[in-house]
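Novice: If you scroll down you'll find the structure; I have some questions about it.
Written out as structure tokens, the structure reads:
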């Protein structure tokens, strides 16, 4: 019975190998699919931000409009790379892991076949033992049973060897696939992150180069422009204003918590009336 | 009435400026908060993958175990950087945008105050007009009404000037904050992506250096070891195996869709019996 016990142990090693692969590769597949979906949702959210930034840009003065649009375009570019990341993860990581599931199923089927063959061997052996005990003199029957046992053993031996080869190949494939799939995962992620660094570097420059002062001048022109056209005879403008009784809101809370990028006082530019207010408004939005 | 119409127009420009900022900064805030939450979910999903990879590593042969663990550690490192990204986005992007909401509210309050002052001016002017029509001879009443109008006008004029300064400062702060917040966003993202590239480069090397052959030998030792201990007298091993009647599962579907990293035939190493099977199993898991 040693050979049978041995085959049974070996079968259990094979079953464990395949069951373990099934369990973990299944989890890898579902986790990576979920990871990919969450990446897609991050892309969607950033796309919404891009849309809002463009809408916002269209309501703003030209310098800011150009800056925010450039920034939005860079942000959109990162999402394009993220989209490529999502597609590549699906093609080169999730699909191979799914295919792997099919392969596992096939190996399982072969293991089941071996189990049947092994059970038959045991059955024939038991039959032979019974015959030997009940009818030890029935040479013909015993000889027939011995032949059956030999045939079943040969079957089991052959099937075991085939399965050994199958599981060996399965394991080799598993190790290679694991290496390939996770290398592909890492490559896909690396390419995406590298592209993102590149695009964000340009976005940073765009934002760094933005000078709010010109927009402030435009804004003042817009405010004063409206005011200026109607102030031929100001009623009370010659009275000096009394001291301001409440603190100016804009100088309170937030500024205390942030670094100030520019500390220069905004100059009270008197040429604001000449700023191209109508030009600003008249410009198309080009989106 | 020109001055009043003018102030009314100016007020509307101010109201629009603040309402526009409120609308878009509110959307930026909620979109970026959502973006940050989705990033956190991506981190969670990758953390789960790390956990499964370590569990899996613990069930595998030493080479693969070390490789998968190293890979899992790198993946975990990326998640640590993602966590830092999430925290920085909250501190340097979302919180300032939230603070901005408070500032907008304060400016809104000041605009409302100006509206009341302007309405009072109009009321006083209407009163004066009525008096002039109804009692053109009542000098004293008219004089009193004129003084009220002048006072209301002076009030409106002073409040308008204060508000102009407030809205000017508000706009300057808005432009600077916009630049600062989005620059911070870009910097945070850039740092994260750069770190990810760095870590994934090392992870790629880890996976690249992995050689499945040694693990395959270990695996065979495990399989044959179990088999070998009990095959002192094999029953049917001397019979040559018949031709394999079905294709080996492991050589079918998946391999057709993947590059093969190594094409060398696995050598039928006869020294497997000496492989340190027990050592492999005996090793602690160090996690």
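Chains as they are written, first to last, in the working numbering: chain A, 20 to 306; chain B, 20 to 306. By construction, the Cβ of each residue, glycine as well, lies at the ideal position given by its N, Cα and C atoms.
#1: Once DSSP output is grouped into helix, strand and coil, what is the label at residue 157 (chain A)?
#2: Using the rule of at least 16 other Cβ atoms within 10 Å of the residue's Cβ for burial, across every protein chain shown, is residue 230 (chain A) buried or exposed?
#3: Quick one: Cα of residue 77 (chain B) to Cα of residue 206 (chain B), how far?
#4: Return the chain-ordered list of same chain residues with a C-beta closer than 8 Å to the C-beta of residue 108 (chain A), the five sequence neighbours on each side being excluded.
#5: Along the chain, which unbroken stretches of the beta strand (DSSP E) at least 3 residues long are found entirely within the segment 61-130 of chain A?
#6: With DSSP as the reference, label residue 229 (chain B) as helix, strand or coil.
#7: Can you give me the C-alpha to C-alpha distance between residue 196 (chain A) and residue 215 (chain B), rounded to a whole angstrom?
#8: Tell me, please, whether the CB atom of residue 57 (chain B) is closer than 8 Å to any CB atom in chain A?
#9: Can you tell me the Cα-Cα spacing of residue 33 (chain B) and residue 68 (chain B), whole angstroms?
#10: Does the beta-carbon of residue 153 (chain A) have 16 or more other beta-carbons within 10 angstroms, so that it is buried, or is it exposed?
#11: Please go through the same chain and pick out, in chain order, the residues whose beta-carbon is closer than 7 Å to the beta-carbon of residue 100 (chain A), but skip the five residues on each side of it.
#12: Please tell me whether residue 71 (chain B) has its Cβ less than 8 Å away from any Cβ of chain A.
#13: Is there a C-beta anywhere in chain A that falls below 8 Å from the one on residue 202 (chain B)?
#14: Quick check: is the beta carbon of residue 226 (chain A) nearer than 8 Å to any beta carbon in chain B?
#15: Is residue 178 (chain A) closer than 8 Å to residue 321 (chain A) when the C-beta atoms are compared?
#16: With 16 as the cutoff for other CB atoms within 10 Å, does residue 162 (chain B) come out buried or exposed?
#17: Does any residue of chain A have a CB that is nearer than 8 Å to the CB of residue 208 (chain B)?
#18: Please confirm whether residue 215 (chain B) has its beta-carbon closer than 8 Å to some beta-carbon of chain A.
#19: Buried or exposed for residue 156 (chain B), going by 16 or more other Cβ atoms inside 10 Å?
#20: Using CA coordinates, which residue listed in A:81, A:119, A:64 and A:74 is at the minimum distance from residue 97 (chain A)?
#21: Under 8 Å Cβ-Cβ, which residues of chain A neighbour residue 100 (chain B)?
#22: Determine the burial state of residue 26 (chain A): buried for a count of at least 16 other Cβ atoms within 10 Å of its Cβ, exposed for fewer.
#23: Once you ignore the five residues that flank residue 72 (chain A) on each side, which residues in its own chain have a CB closer than 8 Å to its CB?
#24: Is the segment 107-122 of chain B close to the segment 34-45 of chain B, with three or more CB pairs under 8 Å?
#25: Compute the Euclidean distance between the alpha carbons of residue 181 (chain A) and residue 145 (chain A), then round it to the nearest angstrom.
#26: Taking 8 Å as the CB-CB limit, is residue 29 (chain B) close to chain A?
#27: Chain B partners of residue 39 (chain A), CB-CB under 7 Å?
#28: If we cut at 8 Å on Cβ distances, does residue 183 (chain B) have a partner in chain A?
#29: Taking all protein chains shown into account, decide if residue 193 (chain B) is buried (16 or more other Cβ within 10 angstroms of its Cβ) or exposed.
#30: Measuring only between beta-carbons, confirm whether residue 89 (chain A) sits less than 8 Å from chain B.
#31: Could you list which residues in chain A have their beta carbon closer than 7 Å to that of residue 112 (chain B), in chain order?
#32: Is the CB of residue 314 (chain A) under 8 Å away from at least one CB in chain B?
Specialist: In short:
#1: Correct three-state label for residue 157 (chain A): coil.
#2: Note on residue 230 (chain A): under 16 other CB atoms within 10 angstroms of its CB, so exposed under the neighbour-count rule.
#3: C-alpha of residue 77 (chain B) to C-alpha of residue 206 (chain B): approximately 38 Å in a straight line.
#4: So the qualifying residues of the chain are 51, 54, 55, 58, 204 and 207.
#5: Counting whole runs of 3 or more residues, the segment 61-130 of chain A contains no beta strand (DSSP E) stretch at all.
#6: Look at residue 229 (chain B) here: in three-state DSSP terms it is coil, with no helix or strand label.
#7: Taking the CA atoms as reference points, residue 196 (chain A) sits about 23 Å from residue 215 (chain B).
#8: Chain A contact via Cβ: present.
#9: The straight-line gap from Cα to Cα measures roughly 52 Å.
#10: Counting the other Cβ atoms within 10 Å of the Cβ of residue 153 (chain A) gives fewer than 16, which makes it exposed.
#11: In the same chain as residue 100 (chain A), and ignoring 5 residues on each side of it, the C-beta atoms closer than 7 Å to its own belong to 211, 214 and 215, in chain order.
#12: Yes, residue 71 (chain B) lies at the interface with chain A (some Cβ there is under 8 Å from its Cβ).
#13: Closer than 8 Å to some Cβ of chain A, the Cβ of residue 202 (chain B) qualifies, so yes.
#14: Any Cβ of chain B closer than 8 Å to the Cβ of residue 226 (chain A) would place that residue at the interface, and such an atom is present.
#15: Outside the modelled stretch of chain A, which goes from 20 to 306, sits residue 321 (chain A), for which no answer is possible.
#16: Only exposed fits residue 162 (chain B), as fewer than 16 other CB atoms lie within 10 angstroms of its CB.
#17: At least one chain A Cβ lies under 8 Å of residue 208 (chain B).
#18: True, the Cβ-Cβ gap to chain A drops below 8 Å.
#19: Under this definition residue 156 (chain B) is an exposed residue.
#20: The residue from A:81, A:119, A:64 and A:74 with its alpha-carbon nearest to that of residue 97 (chain A) is A:64.
#21: What residue 100 (chain B) touches in chain A: nothing, since even the nearest Cβ is about 10 Å away.
#22: Residue 26 (chain A) counts as buried, since at least 16 other C-beta atoms from the protein chains shown sit within 10 angstroms of its C-beta.
#23: Result list for residue 72 (chain A): 87, 88, 90, 91 and 94, in chain order.
#24: Three or more Cβ pairs closer than 8 Å define a contact, and the segment 107-122 of chain B meets that threshold against the segment 34-45 of chain B.
#25: Going from the Cα of residue 181 (chain A) to the Cα of residue 145 (chain A) covers about 25 Å.
#26: A Cβ of chain A is located within less than 8 Å of the beta carbon of residue 29 (chain B).
#27: By Cβ distance, chain B contributes 78.
#28: For residue 183 (chain B), the nearest CB of chain A lies under 8 Å from its own CB, placing it at the interface with that chain.
#29: With 16 or more other Cβ atoms within 10 Å, it is buried.
#30: No, residue 89 (chain A) lies away from the interface with chain B (no Cβ there is under 8 Å from its Cβ).
#31: The contacting residues do not exist; residue 112 (chain B) stays about 11 Å from chain A at best.
#32: Lying outside 20 to 306, the shown extent of chain A, residue 314 (chain A) is not represented and no answer is given.
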